[in-house]
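Asker: Structure provided below as structure tokens; questions to follow.
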Amino acid sequence: KQFLDLPSSSLHNNNNPSLINQNNNNNIPLFNSKFNGIPQGFETILPNEILQKLKDLHKNTNIPLMKKQEEFDKIMNSVNPNILSKLPLPPGFELLPLNIQQKITEINGNSSINWNKKHLKIKEIIESLQQKQKNLNPNPLLQQQLTVQQQQNFEIIPEFFPPNPPPGFEKVLPLNIYQKLLQIHRNSNLSVKQKSFQIDQIMRSLPQNIIDNLPLPPNFEKLPPNYLKEVKKIFGNKSLTFQEKDQKIISFINSLPLELRKLIRPPLPKGFEKLNFETKEKIFNLFEDINLNDKQKQINFWKIINKLSNEEKNKINEEININNNF
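Shown next as structure tokens:
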């Protein structure tokens, strides 16, 4: 089960969710960074010409979905198998047994089968696992952020930390720095406290001009200049820890007039804008409740979503399928 990434500070709500389980009223999906045609982690492995082809395919709205899938297969099958075998496993798969991880890596490197068949083969492997192992990784799109104790007890709600650095950071940070951050975000052996500490150390080592150029959370740029200056001052303060910045931003948001809080509230994830007006208002009111912390908002958000009818969930899932694939 996963948490919504709420933008109280450096956590940005810019992500697309994985599919909603219609039969599980406690389901909490993961949000992945906005899809641009390049699966997460592929950008550091695939050649530039392949990356460009995938981006161009993603942007092409003139061809049907099935044709896009065929073109995607052609592009990926043109890549050297040695390169394909180096592609990162989906987030959360690092919790699987090593022999299972190796099987999945071999499937990824097999250029004789298309991408759709690869997904089917991986699904077969996951379905063949014992129930407890499947619980650790119920879907290739889901990531489990679990502590060792939680893994042993198979607890429902994991400790949350976003799986990726905020979007736009890759455009400002040196590649080696961004990769270090990505590894920390995805390291399931680190606690939230350990991840925050390691990220603090890296960010504090960067020149001030790089820190100042990092993007703010979505919609913060809509704030009046005097408020925007205050936000940038908090994010640019290298003397503050990750947690201290988070707390200061929360206090800052809570101090804003209601009309400004509405201005910077996080946009609904892809697909969720199709919800009825009443449900959307409940979500927006939840986001603006200053008496709840992020974790409480995350849990209450999915309580609202999980009460939707299967028909409404189907509408959301249709949109998610399109955005997650292309």
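Numbering (our numbering), first residue to last: 1 to 326.
Quick reminder that beta carbons are idealized off the backbone N, C-alpha and C, glycines included.
Predicted model, so just to flag it, every value in this text is computed and none were measured.
#1: For Ser309, I'd like the list of residues in its chain whose CB is within less than 7 angstroms of its CB, leaving aside the five on either flank, ordered along the chain.
#2: What would DSSP say about Lys86, mapped onto helix, strand or coil?
#3: Quick check: Leu275 and Leu223, are their CB atoms within less than 9 angstroms of each other?
#4: Can you tell me where the alpha helix (DSSP H) holding Val192 begins and where it ends?
#5: Cα separation between Glu221 and Ile210?
#6: Which two residues bound the contiguous alpha helix (DSSP H) that contains Val172?
#7: Thinking Phe169 and Leu214 are a contact (beta carbons under 8 angstroms), I'd like their distance in whole angstroms, please.
#8: Roughly how many whole angstroms lie between the Cα atoms of Phe287 and Ile316?
#9: Since His185 and Pro162 are thought to touch, with beta carbons under 8 angstroms apart, how far apart are those beta carbons, to the nearest angstrom?
#10: Are the beta-carbon atoms of Ile83 and Lys55 separated by less than 9 angstroms?
#11: Nearest by alpha-carbon distance to Pro174: which of Thr44, Asn314 and Asn36 is it?
#12: When DSSP labels each residue in this structure, what does Ser111 get in the three-state scheme?
#13: According to DSSP, is Arg265 helix, strand or coil?
#14: CB Ile290 to CB Ile253, shorter than 9 angstroms?
#15: Below 8 angstroms on the Cβ atoms is my guess for Pro165 versus Leu182; work out the distance and round it to an integer in Å.
#16: Assess, as a yes-or-no matter, whether the region 69-85 is touched by the region 99-111 under the definition of 3 or more beta carbon pairs within less than 8 angstroms.
#17: Determine the contact status of Ser196 and Thr241, defining contact as a CB-CB distance below 9 angstroms.
#18: Where does Glu259 sit, in a helix, a strand or coil, going by DSSP?
#19: According to DSSP, is Leu308 part of a helix, a strand, or is it coil?
#20: If you draw a straight line from the C-alpha of Leu172 to the C-alpha of Ser128, how long is it?
#21: Using DSSP with H/G/I as helix, E/B as strand and the rest coil, what is Asp289?
#22: I need the DSSP call for Gln145, collapsed to helix, strand or coil.
#23: Using only CA atoms, which one of Pro64, Asn219, Gln52 and Ile126 lies nearest to Pro97?
#24: Using DSSP with H/G/I as helix, E/B as strand and the rest coil, what is Asn226?
#25: Kindly list the residues whose CB is nearer than 7 angstroms to the CB of Gln69, restricted to its own chain and excluding five residues on each side of it in sequence; keep chain order.
#26: So, with DSSP's three-state summary, where would you put Asn164?
Answerer: Put simply:
#1: The beta carbon of Ser309 is closer than 7 angstroms to none in its chain, skipping five residues each way along the sequence.
#2: The three-state secondary structure of Lys86, taken from DSSP, is coil.
#3: A distance of 9 angstroms or more separates the beta carbons of Leu275 and Leu223.
#4: Element bounds for Val192: Val192 to Arg204.
#5: For Glu221 and Ile210, the gap between their C-alpha atoms comes out near 18 angstroms.
#6: Val172 -> alpha helix (DSSP H) spans Phe169 to Val172.
#7: So it is a contact: roughly 6 angstroms between Cβ atoms.
#8: C-alpha of Phe287 to C-alpha of Ile316: approximately 20 angstroms in a straight line.
#9: Contact between His185 and Pro162 holds: CB atoms are separated by about 6 angstroms, below the 8 angstroms threshold.
#10: No, Cβ-Cβ distance for Ile83 and Lys55 is not below 9 angstroms.
#11: For the residues Thr44, Asn314 and Asn36, the minimum Cα distance to Pro174 belongs to Thr44.
#12: The answer is coil: DSSP assigns Ser111 none of H, G, I, E or B.
#13: In this structure, DSSP gives Arg265 a state outside helix and strand, which the three-state scheme calls coil.
#14: Between Ile290 and Ile253, the C-beta gap is smaller than 9 angstroms, which places the two residues in contact.
#15: About 6 angstroms separates the Cβ atoms of Pro165 and Leu182, confirming a contact at the 8 angstroms cut-off.
#16: Judged by Cβ distances under 8 angstroms, the region 99-111 makes contact with the region 69-85, as three or more pairs qualify.
#17: Yes; because the gap between Cβ atoms is below 9 angstroms, this pair is in contact.
#18: Helix at Glu259.
#19: Of the three classes helix, strand and coil, the one that applies to Leu308 here is coil, per DSSP.
#20: Sequence check: residue 172 is Val here, not Leu. Put simply, the backbone Cα of Val172 is about 43 angstroms away from that of Ser128.
#21: Here Asp289 sits in coil by DSSP.
#22: Low confidence applies here, because Gln145 scores a pLDDT of 34, under 50, leaving its location unreliable and the question unanswered by this model.
#23: Minimum Cα distance to Pro97 is reached at Ile126.
#24: Assignment of Asn226 by DSSP, reduced to helix, strand and coil, places it in the helix class.
#25: Around Gln69: Asn116.
#26: Note: Asn164 maps to coil in three-state DSSP.
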